[in-house]
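Numbering (my numbering), first residue to last: 1213 to 1537.
Built from N, CA and C at the ideal position, the CB exists for glycine as well.
First the structure, in the form of structure tokens, and then the observations on it.
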Amino acid sequence: MSILVIAEHNNHQIGVATLSVLSAAIAIATDLEDGGLGDGNTANNNIDVLVIGAGCLSAVDEISKSASVSNVLKADNPKLEHPSAETMAAIIIANAEGYSHILAAASTAGKNFMPRVGAKLDVQPISDIITVETADTFKRPIYAGNAIATVQSTDSVKVLTVRTTAFDAVDTSGGNAEIIDIDVRENIATNSEFVSQQLTVSERPELTSAKTIISGGRGMKSGENFQLIEAVADKLGAAIGASRAAVDAGFVPNDYQVGQTGKIVAPDLYIAVGISGAIQHLAGMKDSKVIVAINTDEDAPIFQVADYGLVADLFDVLPELNEAL
């Protein structure tokens, strides 16, 4: 049995999310080798990575150096610089034969094309897994993380998206995987096309991979007041996040949003400023190692998950914190 991991990258560098997905793939392969669903033959339990892009050789070379990867399937075509979900699914389906598991990150992109893959294969995808129990049994959060479901699949192919904050990233060293070029010209969809994208450029760490995050909520009162958070974030080397209430109010762009409908994060330190702690927000950050909450309402739900809580006015605390740093 073999496992296929769909890589996320920018055509130059492999995303950290993919390295976490590889960690989940290793857990599945280990169970197969130990006699779970496989035949116990390590050589038959390969982990392959599919890289779909344009001019993506450097990303392919990077992931090929991971000791956990057996083969890298390179789908390189000028029309794949910004592949659509239809194209991604078509390429995956065309190369799915022989794989018992197909994995991708539970990111915006993964959530877009993986359901299409499941539909085309006529199997039930399992989304957002956080634990590999066995090669056919997984745990995933439900009800905004308030309950954990254990799901067993009897499908011939397991189509999975992985919550990357639940798995440590693997190293990209010690390996020398074979690179296999695949022809994708017949699988490029023509019913949709990429028009444009607007990216927020920041010198701060990426929100989903940052070790420290400071987020603001409705209590910030305006976008201008986020300058108080920015000053502290710069000194901490932190990424900046926000609750959905702050995003909906127009204080910050929506790519700052942390929560069930935003980005799932699990940094070493998460500082929640002026955030009440709605269940949707908690679902996106409560796996953080240390949570600090600053709020004037001592009954705010955020204090129930916080390791350290400060009942105080953020407009007093943030300047004092900035000065102390």
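Option nearest residue 1526 by Cα separation, candidates 1374, 1439 and 1466: For the set 1374, 1439 and 1466, the Cα lying nearest the Cα of residue 1526 is the one of 1439.
CA nearest to the CA of residue 1338, picked from 1372, 1355 and 1309: Ranking 1372, 1355 and 1309 by Cα distance to residue 1338 puts 1372 first.
Exposure label - residue 1493; buried when at least 16 CB within 10 Å: It is buried - the Cβ of residue 1493 has at least 16 other Cβ atoms within 10 Å.
Buried or exposed (CB count within 10 angstroms, at least 16 for buried), residue 1310: Result: exposed.
Residues of its chain near residue 1512, where Cβ-Cβ distance is below 7 Å and the 5 sequence neighbours each way are ignored: The beta carbon of residue 1512 lies closer than 7 Å to those of 1488 and 1489 in the same chain, with the five residues before and after it left out.
Residue 1336, buried or exposed, once every other Cβ within 10 Å from all chains shown has been counted against 16: By the Cβ neighbour-count rule, residue 1336 is exposed, with fewer than 16 other Cβ atoms within 10 Å of its own.
Environment of residue 1354 [buried if 16+ CB atoms lie within 10 Å]: So residue 1354 counts as exposed.
Residue 1256, buried or exposed, once every other Cβ within 10 Å from all chains shown has been counted against 16: With a pLDDT of 45 at residue 1256, under the threshold of 50, the modelled position of this residue cannot be trusted; read the value that follows with caution. Exposure of residue 1256 is indicated by the presence of fewer than 16 other C-beta atoms within 10 angstroms of its C-beta.
Cβ pair count under 8 Å reaching 3, the region 1259-1274 against the region 1360-1378: In short, these stretches do not touch, since the Cβ pair count stays below three.
Cβ pair residue 1235, residue 1259 closer than 8 Å: The answer is no: Cβ separation not under 8 Å.
Residue 1428 versus residue 1398: straight-line alpha-carbon distance, rounded: Taking the straight line from one Cα to the other gives about 47 Å.
Touching by the beta-carbon criterion (3+ pairs, under 8 Å), the region 1295-1309 and the region 1355-1363: Counting C-beta pairs with one atom in each stretch, the region 1295-1309 and the region 1355-1363 have fewer than three that are closer than 8 Å, which means they do not touch.
Whole-angstrom distance between residue 1308 and residue 1223, CA atom to CA atom: For residue 1223 and residue 1308, the distance between alpha carbons rounds to 22 Å.
Under the three-state DSSP convention, the category residue 1353 falls into: Three-state DSSP puts residue 1353 in a strand.
Secondary structure of residue 1481, DSSP reduced to three states: Correct three-state label for residue 1481: strand.
Residue 1439, enclosing alpha helix (DSSP H) - first and last residue: Here the alpha helix (DSSP H) through residue 1439 covers 1438-1448.
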